[in-house]
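Engineer:
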């Protein structure tokens with residue numbers, strides 16, 4: 001019997017550097033390896049969306065649309081894949097439907113093939129328009145289940161959610177485990193459930209992070225259950241808060257009834273490339289290698305460090321344990337949302353407020369909106385007392401409709417706003433960039449001409465750092481004032497490298 | 001149905017620090033956590049043997065027998081486990097049978113419960129006396145299969161090897177994957193084969209390193225195949241060239257038909273303890289996180305770095321690729337030994353010689369001995385031409401008997417040797433220490449009174465290093481001479497911290 005072919009989505013160009021190095025990788029560190037990636041035999045190459053759009057204009061003075069066009073050119077044989085936050089697109093608010101249409105059209109025109117569409121609350125109403133937009137432009141619409149764990153989340157519930165995504169016309173279902181909480185057995189059960197309910201030919205893609213150390217096993221059981229495609233990152237861009245190593249997946253399947261068909265020689269070339277690149281961004285890396293605490297607290301690593309810095313800013317760095325015990329309370333009151341951007345920040349910040357000021361003495365504006373339904377529906381009932389309190393505090397009414405239904409058409413206004421900006425080129429892409437990040441785009445437009453600016457260290461800088469570490473503290477590299485004795489007389493002198 | 005209980009051997013106290021930090025962990029960094037380890041519910045605690053004996057006297061001025069007695073006292077409810085290199089004991093030559101008996105007796109008297117006995121060549125004749133000695137003192141004799149990959153190694157072959165170990169009276173079989181080469185499917189097949197051939201109640205322990213990133217999946221499939229006990233290291237002492245994280249194993253099994261029964265609260269305490277300890281030994285750590293090259297080259301990481309430093313010493317650091325291609329040639333000529341101490345060094349060094357001087361222009365003394373049978377038999381036929389060459393070069397005859405059969409009784413002589421040493425206390429333990437490491441023990445005996453010396457950094461040193469890194473190079477911490485201009489006049493001055 002021929003082994004069944006398992007597709008692989010390589011995430012090195014998007015989620016891997018987003019998870020490992022705060023999305024800082026410059027395009028110049030990716031272009032040189034695209035040919036090998038293009039020919040390695042991946043099912044798709046995730047290379048855009050998520051936080052990369054924001055990071056491009058905020059940190060790298062790089063036009064994200066240009067990045068997409070470059071990938072399209074350099075990866076002619078690959079399906080390009082992006083992560084899209086449903087009605088939020090790549091921004092942090094809901095957009096009116098026509099803006100969603102426009103964004104999807106532009107992405108497709110610039111080269112995107114596969115749209116992985118998700119909503120942080122798993123509210124299908126926040127996905128359906130984006131899914132329809134992708135179908136309209138004839139591209140691959142991947143409906144996403146954000147995996148989380150709570151007393152209300154069940155295998156059956158996830159299987160039903162997959163059904164709703166298929167009803168939207170999803171070409172495939174992504175099981176997205178952003179916090180590395182998905183254990184092997186539930187993965188097996190959910191995937192079996194989807195396949196048995198909706199047919200064995202229902203395509204299922206599995207996306208796991210590796211933070212808890214168990215999810216390569218999860219991918220194995222997912223494959224045994226019938227998963228069609230899994231996400232991995234080349235080993236030199238893997239592990240920790242990132243993903244499982246691509247080469248390990250390939251080797252793991254040897255001798256089984258499954259194979260990836262990936263070209264190991266290419267993988268080694270890709271690995272060696274990023275082995276050189278990764279140290280350039282060391283300053284952005286988290287120290288976490290494996291953390292099974294997440295299973296107990298259900299608090300993803302990024303959320304924890306956020307809360308810690310909030311507490312420290314308030315001089316309460318020692319109260320993190322209280323906050324960690326408060327998070328489950330807040331999450332329950334909010335109806336058990338998955339903890340992923342932006343719900344993780346909303347729940348986490350409210351937990352910090354509760355600990356510092358007393359439970360629900362003050363609601364953050366975002367938490368109040370969450371309680372009033374402005375982010376959509378959660379799986380569980382929200383605490384009615386808190387809904388009342390949110391109402392009073394914000395003078396806003398709770399809503400039950402799809403949040404985006406409250407929005408008026410805004411595209412024309414967005415066009416006008418962009419037209420007024422210095423450096424904007426009048427393209428729809430620029431309108432969209434400004435629509436998504438109105439606080440950042442205007443500045444970016446004025447500096448765009450200067451071209452991309454890498455924040456990675458150069459080879460020379462890394463070499464100099466190494467040298468400095470070797471020399472230890474015996475060299476002066478910045479001006480410094482010393483008390484020095486010359487010929488028995490003590491003087492204060494300033495020393496600096498000549 | 002109740003889930004099947006999977007035993008866990010915690011390796012933090014032995015193989016984890018041997019693999020991650022060159023066996024340097026001082027006893028003072030272990031004693032404080034023994035109570036939690038003792039009560040966590042492990043099947044056994046590996047804490048002695050392997051390279052720890054050597055490291056104790058060579059680097060830590062610590063009596064290894066005292067270390068064993070301390071563990072016995074601090075882990076009263078645990079089965080203590082050690083790794084024993086068959087007829088080599090913990091040293092690097094074959095010992096006469098009575099010395100083997102004596103070593104096992106002393107280890108048992110001092111507190112050892114489970115002896116994992118292996119031979120680098122998988123030659124059963126090198127194990128049988130040690131196994132019998134363990135049975136004689138009424139302890140647990142674990143017979144070991146060293147897993148490797150070659151055209152001659154088959155699932156059936158490993159199953160037969162297990163049979164030979166069971167014939168020796170093995171209480172359990174260890175499947176030992178020191179190079180992280182054991183993929184999920186072969187693990188499944190070998191374990192199924194053993195269980196089906198010799199009975200489902202044949203106890204199988206699985207030991208995997210994590211270097212290639214796939215072996216937690218291997219443990220999953222091993223468990224599904226019926227493995228009874230698996231080896232892991234607490235997460236803060238895991239991964240890279242080490243082992244899979246204990247907590248990840250626990251979590252991985254949730255919802256399956258298997259459970260470890262480990263106490264997660266204790267595990268967290270143990271994890272937090274070693275989280276503090278590990279940075280103290282950072283200078284000994286390898287940079288390798290995951291490396292699937294091993295599957296292609298079959299050269300374990302430790303062996304590679306050895307060969308690299310040999311090449312560099314000869315000014316041929318750029319010829320490592322040639323050596324890596326030469327290793328399979330040498331391994332084939334030697335009859336496909338597993339690559340593990342000492343065969344990895346013997347094969348690796350010969351490959352270096354071949355590249356530098358021409359293939360087999362010179363045989364190393366050890367490679368000649370290997371070819372002549374002085375280390376035992378390999379699975380494959382050895383190259384007859386090279387046997388001839390080894391004969392000529394060494395003036396030694398090839399042997400086919402058990403190597404230790406050539407040895408005369410030596411215990412009395414070893415007693416006399418030790419008696420002559422300053423600082424030796426007349427105990428059999430001291431005789432054994434000197435017998436195992438005659439080049440190191442005499443020095444150790446003279447300094448033993450000074451007590452153990454940790455090579456780990458203190459908290460204060462780590463703090464100071466951090467501070468220094470923060471201050472960067474702007475501070476002078478050691479006297480240094482500069483050319484300095486004061487008031488327009490240039491002078492040479494010496495600067496030092498005031």
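Chains as they are written, first to last, in full-length UniProt numbering: chain C, 1 to 498; chain L, 1 to 498.
C-beta atoms are modelled at their ideal positions from N, C-alpha and C, and glycine is treated no differently.
(1) Rounding to the nearest angstrom, what Cα-Cα distance links residue 3(L) and residue 61(L) in this structure?
(2) To which residues does DSSP link residue 177(L) through a beta bridge?
(3) Are residue 57(C) and residue 290(C) closer than 8 Å when you measure CB to CB?
(4) Who are the Cβ neighbours of residue 7(C) in its own chain at under 7 Å, not counting the five residues just before and after it?
(5) Alpha carbon to alpha carbon, how far is residue 300(C) from residue 16(C)? Give it in angstroms, no decimals.
(6) Helix, strand or coil, according to DSSP, for residue 4(L) in the structure here?
(7) How is residue 259(L) classed by DSSP in three states: helix, strand or coil?
(8) Does DSSP put residue 243(C) in a helix, a strand or coil?
(9) I'd like the span of the alpha helix (DSSP H) that includes residue 105(C), first residue to last.
(10) CB-CB under 6 Å to residue 197(C), same chain, minus the five flanking residues each way: which ones, in chain order?
(11) Measuring alpha carbon to alpha carbon, tell me which of 222(C), 448(C), 278(C), 407(C) ends up nearest residue 195(C).
(12) What's the call for residue 337(L), buried or exposed, on a 16-neighbour Cβ count within 10 Å?
(13) How about residue 89(C) and residue 71(C): are their beta carbons less than 8 Å apart?
(14) Would residue 500(C) pass as an interface residue toward chain L - the criterion being a Cβ-Cβ separation below 8 Å?
(15) One question on the structure: do residue 68(C) and residue 30(C) come within less than 8 Å of each other, judged by their Cβ atoms?
(16) Report the three-state DSSP secondary structure of residue 473(C) (helix, strand or coil).
(17) In whole angstroms, what separates the C-alpha of residue 243(C) from that of residue 40(C)?
(18) Nearest to residue 9(L) by alpha carbon, out of 207(L), 366(L), 146(L), 1(L)?
(19) How should residue 397(L) be labelled, buried or exposed, when 16 other C-beta atoms within 10 angstroms of its C-beta is the threshold for buried?
(20) Are there three or more Cβ pairs, one per stretch, closer than 8 Å when the segment 162-172 of chain C is compared with the segment 135-150 of chain C?
(21) Considering residue 413(C), what are the terminal residues of the beta strand (DSSP E) in which it resides?
(22) Output needed for residue 245(C): all residues of its chain with C-beta closer than 6 Å, excluding positions within five of it in sequence on either side, in chain order.
(23) Could you work out which residue in 12(C), 74(C), 212(C) is closest to residue 278(C) when comparing CA atoms only?
(24) Going by C-alpha to C-alpha distance, which of 259(C), 394(C), 425(C) sits closest to residue 448(C)?
(25) For residue 474(C), count neighbouring C-beta atoms within 10 Å of its own C-beta (all shown protein chains included) and say buried if the count is 16 or more, exposed if not.
(26) Can you check whether the CB of residue 380(L) is closer than 8 Å to the CB of residue 152(L)?
(27) Quick one: grab the DSSP three-state call for residue 140(C).
(28) Taking a cut of 7 Å between CB atoms, which residues from the segment 208-225 of chain L lie near chain C?
(29) Note down, one range per segment and in chain order, each alpha helix (DSSP H) of at least 4 residues found wholly within the segment 348-421 of chain C.
(30) Could you pull out every residue in the same chain whose Cβ sits closer than 6 Å to the Cβ of residue 116(L), ignoring the five residues on either side in sequence?
(31) Answer with buried or exposed for residue 376(L), where buried requires no fewer than 16 other C-beta atoms within 10 angstroms of its C-beta.
(32) Tell me the DSSP secondary structure of residue 194(C) in three-state form.
(33) With a cut-off of 8 Å on the beta carbons, I'd call residue 259(C) and residue 5(C) a contact; round off their distance for me.
(34) Please confirm if the segment 361-369 of chain C is in contact with the segment 343-353 of chain C, defined as three or more CB-CB distances below 8 Å between the two stretches.
(35) For residue 374(L), collect the residues of the same chain with a Cβ closer than 7 Å to its Cβ; drop the 5 residues on either side in sequence, then sort them by chain order.
(36) Give every residue of the same chain whose Cβ lies closer than 6 Å to the Cβ of residue 275(L), excluding the five residues on either side of it in the sequence, and list them in chain order.
Structural biologist: In terms of the structure at hand:
(1) The residue given as residue 3(L) occupies position 3 in the second chain. The residue given as residue 61(L) occupies position 61 in the second chain. Rounded to the nearest angstrom, the gap between the Cα atoms of residue 3(L) and residue 61(L) is 46 Å.
(2) Taking the second chain and counting its residues from 1, one reaches residue 177(L) at position 177. In the DSSP output, where bridge partners are listed per residue, residue 177(L) has 208(L).
(3) Residue mapping note: residue 57(C) aligns to position 57 of the first chain, counting from 1. Residue mapping note: residue 290(C) aligns to position 290 of the first chain, counting from 1. Against a cut-off of 8 Å, the Cβ pair of residue 290(C) and residue 57(C) comes out as no contact.
(4) By one-based count along the first chain, residue 7(C) stands at place 7. Within the same chain, 43, 228, 229 come within 7 Å of residue 7(C) by CB-CB distance, once the 5 residues on both sides are set aside.
(5) Translated into the one-based positions of the first chain, residue 16(C) becomes position 16. Translated into the one-based positions of the first chain, residue 300(C) becomes position 300. Whole-angstrom Cα-Cα distance: 16 Å.
(6) Here residue 4(L) refers to the residue found at position 4 when the second chain is read from its first residue. Three-state result, residue 4(L): strand.
(7) Locating residue 259(L) in the second chain gives position 259, where the first residue counts as 1. The answer is strand: DSSP assigns residue 259(L) an E or B state.
(8) Your numbering for residue 243(C) matches position 243 in the first chain. Annotated three-state conformation of residue 243(C) is coil, per DSSP.
(9) As a position in the first chain, residue 105(C) is number 105, starting the count at 1. Secondary structure note for residue 105(C): its alpha helix (DSSP H) is the uninterrupted segment 97-109.
(10) As a position in the first chain, residue 197(C) is number 197, starting the count at 1. Correct list, in chain order: 159.
(11) Start at 1 with the first residue of the first chain, and residue 195(C) comes out as number 195. Closest by alpha carbon: 222(C).
(12) Here residue 337(L) corresponds to residue number 337 of the second chain, with the count starting at 1. Using a 10 angstroms sphere on the CB of residue 337(L), the tally of other CB atoms reaches 16 or more, which defines it as buried.
(13) For this step, residue 89(C) is matched to residue 89 along the first chain. For this step, residue 71(C) is matched to residue 71 along the first chain. Contact: no.
(14) In the structure displayed, chain C extends from 1 to 498; residue 500(C) sits before or after that span and is not available.
(15) For the purposes of this step, residue 68(C) is identified with residue 68 of the first chain, where counting begins at 1. For the purposes of this step, residue 30(C) is identified with residue 30 of the first chain, where counting begins at 1. For the pair residue 68(C) and residue 30(C), the CB atoms are not nearer than the 8 Å cut-off.
(16) The residue given as residue 473(C) occupies position 473 in the first chain. Confidence at residue 473(C) is low in this model, with a pLDDT of 45, below 50, so the placement of that residue is unreliable and no value is reported for it.
(17) Stepping through the first chain from its first residue, residue 243(C) is reached at position 243. Stepping through the first chain from its first residue, residue 40(C) is reached at position 40. Their Cα atoms are separated by approximately 18 Å.
(18) As a position in the second chain, residue 9(L) is number 9, starting the count at 1. Comparing Cα-Cα distances from residue 9(L) to each of 207(L), 366(L), 146(L), 1(L), the minimum goes to 207(L).
(19) On the second chain, residue 397(L) is found 397 positions in, with the first residue counted as 1. Classification of residue 397(L): exposed, given that the 10 Å Cβ count is below 16.
(20) Three or more pairs of CB atoms, one per stretch, sit closer than 8 Å, so the segment 162-172 of chain C contacts the segment 135-150 of chain C.
(21) Position 413 of the first chain, counted from the first residue, corresponds to residue 413(C). For residue 413(C), there is no enclosing beta strand (DSSP E); the enclosing alpha helix (DSSP H) has its first and last residue at 411-419.
(22) Within the first chain, numbered from 1, the residue matching residue 245(C) stands at position 245. Result list for residue 245(C): 235, 238, in chain order.
(23) Here residue 278(C) refers to the residue found at position 278 when the first chain is read from its first residue. Residue 12(C) is the option with its Cα nearest to residue 278(C).
(24) By one-based count along the first chain, residue 448(C) stands at place 448. When each option's Cα is compared against that of residue 448(C), the closest is 425(C).
(25) As a first step, residue 474(C) must be located in the first chain, where it is residue number 474. Residue placement at residue 474(C) is flagged as unreliable, the pLDDT there being 48, under the threshold of 50; the coordinate-derived value follows with that caveat. Result: exposed.
(26) Here residue 152(L) corresponds to residue number 152 of the second chain, with the count starting at 1. Here residue 380(L) corresponds to residue number 380 of the second chain, with the count starting at 1. Note that the C-beta distance between residue 152(L) and residue 380(L) is below 8 Å.
(27) Counting from 1 along the first chain, the entry for residue 140(C) is found at position 140. Residue 140(C) falls in the strand class under three-state DSSP.
(28) Correct list: 212, 213, 214, 216, 217, 220.
(29) With a minimum length of 4 residues, the unbroken runs of alpha helix (DSSP H) contained wholly in the segment 348-421 of chain C fall at 365-372, 384-394, 411-419.
(30) Taking the first residue of the second chain as 1, we reach residue 116(L) at position 116. By the criterion of a C-beta distance shorter than 6 Å, residue 116(L) is surrounded in its chain by 83, 142, 144, 174, once the five residues flanking it on both sides are discounted.
(31) By 1-based counting over the second chain, the position of residue 376(L) is 376. By the 10 Å Cβ count, residue 376(L) comes out buried.
(32) One-based indexing of the first chain puts residue 194(C) at position 194. The DSSP-derived three-state label of residue 194(C) is helix.
(33) Here the question's residue 259(C) lines up with position 259 in the first chain. Here the question's residue 5(C) lines up with position 5 in the first chain. Taking the Cβ atoms as the reference, residue 259(C) lies roughly 6 Å from residue 5(C), within the contact range of under 8 Å.
(34) Segments in contact, yes.
(35) Counted from its first residue, the second chain places residue 374(L) at position 374. So the qualifying residues of the chain are 399, 403.
(36) Here residue 275(L) refers to the residue found at position 275 when the second chain is read from its first residue. Excluding the 5 residues flanking it on each side, residue 275(L) has same chain C-beta neighbours closer than 6 Å at 236, in chain order.
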